[in-house]
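Right, dumping it as structure tokens:
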């Protein structure tokens with residue numbers, strides 16, 4: 003069991019005496035980010051050399067994400083949010099009447115809404131229900147254009163077998179679009195299983211809002227083009243010739259239609275540097291070990307969860323459905339345990355700054371509330 007934190011808690015803005023167990027909602031800010039933001043402010047003020055420094059930081063962040071995601075820097079771009087990135091993919095496809103999107107009933111809205119709100123033509127939603135690991139297969143057919151899945155569920159904490167979903171998508175020639183938000187930063191990410199993948203940066207990646215990672219599998223989808231663009235996503239030329247026609251960048255920065263969010267990218271680059279100072283396998287074992295510990299203690303206490311007990315089927319989240327979820331989270335907060343509410347469930351999620359001491363505090367508070 004992870005009896006000691008893997009990260010130094012003092013490196014974070016964790017209030018004194020607090021068990022910060024809401025990484026799936028917001029992680030505490032690293033103190034080092036103060037210097038990153040100050041550096042951005044300095045560079046922004048330095049004229050054209052400052053802009054060069056900003057672009058250098060963008061490339062550094064791309065390189066670091068690529069290393070963590072087993073990808074190449076050219077596969078990595080940036081968008082403002084997961085929803086923005088998924089919408090770029092949804093809008094780029096040549097939809098036909100009868101095409102469908104296959105999702106799980108608990109899928110995150112940003113993966114679903116960009117497809118579901120389309121009107122011309124309307125995309126059929128085929129929704130899998132239940133808890134069987136292979137339940138998506140029953141909803142896939144020859145008209146399935148896209149399978150959308152979060153590697154780890156925000157709502158239940160379930161982890162999907164992406165290799166199996168990849169095989170399923172290939173069986174009908176569908177795209178696989180993956181949201182890595184609830185996994186990136188503590189689980190190994192093999193982005194190449196997806197055609198397109200995205201992740202928010204303000205959770206386990208230890209960054210902030212304003213920027214999200216966008217992955218384009220150029221080997222699997224070499225001809226992909228977004229339906230819209232902007233100055234930043236265009237192939238670099240001295241001046242665009244609109245009569246002759248304009249082209250897109252050759253790499254995944256074609257996702258980024260305007261300026262990247264440079265300030266958040268500075269923070270992200272520093273966060274990635276911090277994460278990469280720790281062995282990624284050790285970090286995965288640490289986080290999932292705490293998850294397994296909490297799940298076992300909850301089962302022993304008779305407190306039901308929606309998170310699978312099988313270590314291969316969960317990540318860093320433990321979710322408890324309850325009509326009293328807000329009251330539970332509020333009460334724990336008053337006890338110095340920062341959990342997360344929303345959607346009728348209390349959620350506990352761990353990172354490298356946590357240890358079994360935090361699990362102890364969760365259980366002490368929950369047992370009092372559950373009796």
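Numbering (this note's numbering), first residue to last: 3 to 373. We treat Cβ as the ideally placed atom computed from N, Cα and C, and that holds for glycine.
DSSP, reduced to helix, strand and coil, places residue 72 outside both helices and strands of the structure shown, so it counts as coil.
Excluding five sequence positions before and after residue 149, the CB atoms of its chain that fall closer than 8 Å to its own CB belong to 103, 104, 105, 138, 142, 167, 170, 171, 176, 177, 178 and 179, given in chain order.
The DSSP-derived three-state label of residue 201 is strand. Looking only at 197, 245 and 354, the smallest Cα-Cα distance to residue 73 is reached by 197. A distance below 7 Å separates the beta carbons of residue 158 and residue 108. Under the three-state reduction of DSSP output, residue 235 falls in the helix class. Counting along the chain, residue 8 sits inside no beta strand (DSSP E), nor does DSSP assign it H or E at all.
In this structure, residue 191 and residue 296 do not form a Cβ contact; the two beta carbons are roughly 23 Å apart against a cut-off of 8 Å. Our two residues, residue 235 and residue 220, have alpha carbons roughly 16 Å apart in a direct line. By a beta-carbon distance limit of 8 Å, residue 214 contacts residue 82. Their separation comes to about 7 Å.
The Cβ neighbour count for residue 271, taken over all protein chains shown within 10 Å, is at least 16; the residue is labelled buried. The alpha carbon of residue 187 has as its nearest neighbour, out of 264, 257 and 286, the alpha carbon of 286. About 12 Å separates the Cβ atoms of residue 76 and residue 216, ruling out a contact at the 8 Å cut-off. For residue 223, the closest alpha carbon among the candidates 254, 42, 3 and 64 is that of 254.
Taking 3 residues as the minimum length, the beta strand (DSSP E) runs contained wholly in the segment 148-200 are 177-181, in order along the chain.
Bounds of the alpha helix (DSSP H) holding residue 42 are 34-46. In this model, residue 261 and residue 181 are separated by some 23 Å (Cα to Cα).
Unbroken alpha helix (DSSP H) runs of no fewer than 4 residues, entirely contained in the segment 264-304, are found at 264-278 and 282-303, following chain order. The segment 340-359 makes contact with the segment 312-329, as at least three CB pairs between them are under 8 Å.
For residue 106, the uninterrupted beta strand (DSSP E) run begins and ends at 102-106, by DSSP. When the Cα atoms are used, residue 44 and residue 34 turn out to be separated by approximately 16 Å.
For residue 217, the enclosing beta strand (DSSP E) starts and ends at 214-218. The straight-line gap separating the alpha-carbon atoms of residue 232 and residue 91 is approximately 15 Å. Collapsing the DSSP output to three states places residue 340 in a strand. A check of alpha carbon separations from residue 6 across 360, 367 and 371 identifies 360 as the nearest.
The segment 245-252 and the segment 292-307 do not touch, with fewer than 3 CB-CB distances between them shorter than 8 Å.
For residue 21, the pairing in a beta bridge is given by DSSP as 339. Looking from the CA of residue 154, the closest CA among 269, 147 and 135 belongs to 135. Of the candidates 334, 207 and 309, 207 places its Cα closest to the Cα of residue 354. Looking at the DSSP output, residue 245 shares a beta bridge with no other residue.
Residue 292 sits buried, since 16 or more C-beta atoms from the chains shown fall within 10 Å of its C-beta. Taking 7 Å as the cut-off, the Cβ atoms of residue 229 and residue 94 count as close.
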